[in-house]
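Residue numbers (UniProt numbering): 1 to 410.
So this is what it looks like as structure tokens:
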């Protein structure tokens, strides 16, 4: 008799009587519970005279133990394990039958994953090594982290939306939002418990979140003017947040198959910024010094650091191949105090951001940047007083050109 068929009464006495069906047939009963062997073979109802309750060895009484709440991750692992075992069982018992295909395939998700493999991964790659990681290794990691898989599907849908007509755009945006919402439900909770198991997935999704934010707000602008200075401020803060994720799990990521993404040696680009661009930077520097000397509380040192990093970002966009991560790297290099000044809409911070719009404009061929430079430039021009506008004249000319300069005023 197997261990599972053993039982004890609460009185610790074994029943000396067989089940009612065996008694009726006058056959020896093995008294297995909950159904004896004879009743199992006959598919008969197996009942015993005793009304005492039984505790089956290997199980616990529901009177003594409260059921633990289900953990979603454990539930999924159990589901996959059960499915695998069931398939093995069916194969061994149905050798002559071909397995039936699922009645419904999620063709939408398959299409999005194909698009990720063919195109969307390039939004994150900077060289051959990182291209391979984003194209193949990141999706493989997503198989173990559903929130990352939803993130891949969301960003693929969003890129397809950026290339589609009105109907396709609407459908893909709806799909992107659905997947992104599913991702965020889990992602928010994981930020406070980053470890070696989830560090790679959290880092990858954080990167996706930045691109998603730029792309989604651009697509929203097509129907309504939703891109604002506040939006850009939050995205810059998001870029800095990724840096914090990296700092907390850098060793785990560097030692993994995601290492190529972080093994980044900053390129020292040859100086190619135009004479007018250099002049615009000098104007910002001179204004910063002047206001520092005459205005109490003017944060001269912070603004000077922001202008220096702005010069590096501008020069990077005047190279033959513009790095796509120039925006996030500028955000990371910015002093935290500068972003506070920007949030308060201080004129000096807005002027620096106005010149930075040239960087966004020169990246407009990238699907998730597109009109960001134009939109933010207009907003800054309309916000600044005439005495400050002189500091962003070069930015206006670079973004709109001489013939379209007035478009930024309206």
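We treat Cβ as the ideally placed atom computed from N, Cα and C, and that holds for glycine.
Please look up how many angstroms separate the CB atoms of residue 269 and residue 288, rounded, as I've assumed it's under 8 Å.
Wrong, their Cβ atoms sit about 24 Å apart, outside the cutoff.
Pairing CB atoms from the stretch 385-393 with CB atoms from the stretch 346-360, are three or more of them under 8 Å?
yes
Grab the span of the alpha helix (DSSP H) containing residue 113 for me, first residue to last.
107-118
Since residue 429 and residue 262 are thought to touch, with beta carbons under 8 Å apart, how far apart are those beta carbons, to the nearest angstrom?
Residue 429 falls outside the range modelled here, since the chain spans only 1 to 410, and no answer is possible.
Among 227, 192 and 150, the one whose alpha carbon lies nearest that of residue 373:
227
Is there a Cβ from chain D that is less than 7 Å from the Cβ of residue 336?
Absent here is chain D; the protein component of the structure consists of one chain.
Runs of alpha helix (DSSP H) wholly within the stretch 293-363 (minimum 4 residues, chain order):
300-316, 326-333, 336-343 and 347-362
Would you kindly report the start and end of the unbroken alpha helix (DSSP H) that includes residue 270?
Note, residue 270: premise wrong, no alpha helix (DSSP H); not H, not E.
For residue 361, I'd like the list of residues in its chain whose CB is within less than 6 Å of its CB, leaving aside the five on either flank, ordered along the chain.
373 and 399
Can the beta-carbon of residue 249 be found less than 7 Å from the beta-carbon of residue 199?
yes
Below 8 Å, how does it come out for the stretch 211-219 and the stretch 150-166: are there three or more Cβ pairs, yes or no?
yes
Take residue 66 and list the residues in its own chain whose beta-carbon comes closer than 7 Å to its own, dropping the five residues that flank it on each side.
With a pLDDT of only 35 at residue 66, under 50, the local geometry of the prediction cannot be trusted, and the value read off the model is given with reservation. Here the set comprises nothing.
Assuming residue 154 is part of the alpha helix (DSSP H), what are its boundary residues?
146-163
Rounded straight-line distance, which links the Cα of residue 383 to that of residue 121:
37 Å
Who are the Cβ neighbours of residue 301 in its own chain at under 7 Å, not counting the five residues just before and after it?
none
Going along the chain, which residues of its own chain have a beta-carbon closer than 7 Å to the beta-carbon of residue 325, five neighbours each way excluded?
126
Just to confirm before moving on: does the CB-CB distance between residue 253 and residue 206 stay below 7 Å?
no
Near residue 260, what residues of its chain come up, given a Cβ to Cβ distance below 7 Å and the 5 sequence neighbours on each side ignored?
129, 130 and 133
Taking only three categories from DSSP, how would you classify residue 88?
With a pLDDT of only 37 at residue 88, under the threshold of 50, the placement of this residue in the model should not be trusted; the figure read from the coordinates follows. Helix at residue 88.
Label residue 271 either buried or exposed according to how many other C-beta atoms from any shown protein chain fall within 10 Å of its C-beta, with 16 as the threshold for buried.
exposed
Relative to the C-alpha of residue 151, which residue among 28, 183 and 369 is closest?
183
Indicate the three-state DSSP secondary structure (helix, strand or coil) for residue 196 in the structure shown.
coil
May I have the straight-line CA-CA distance separating residue 350 from residue 106, to the nearest angstrom?
47 Å
Look at the alpha carbon of residue 77 and the alpha carbon of residue 323, and state the distance between them as a whole number of angstroms.
Residue placement at residue 77 cannot be trusted, given a pLDDT of 36 that sits under 50; the coordinates are not used to answer.
Where residue 369 falls, given that 16 or more other Cβ within 10 Å makes a residue buried:
buried
Please go through the same chain and pick out, in chain order, the residues whose beta-carbon is closer than 7 Å to the beta-carbon of residue 189, but skip the five residues on each side of it.
none
Residue 187 and residue 476 - do their beta-carbons sit closer together than 7 Å?
One cannot answer for residue 476 here, as it falls past the ends of the chain, which runs 1 to 410.
Per-residue DSSP class, three states only, for residue 378
helix
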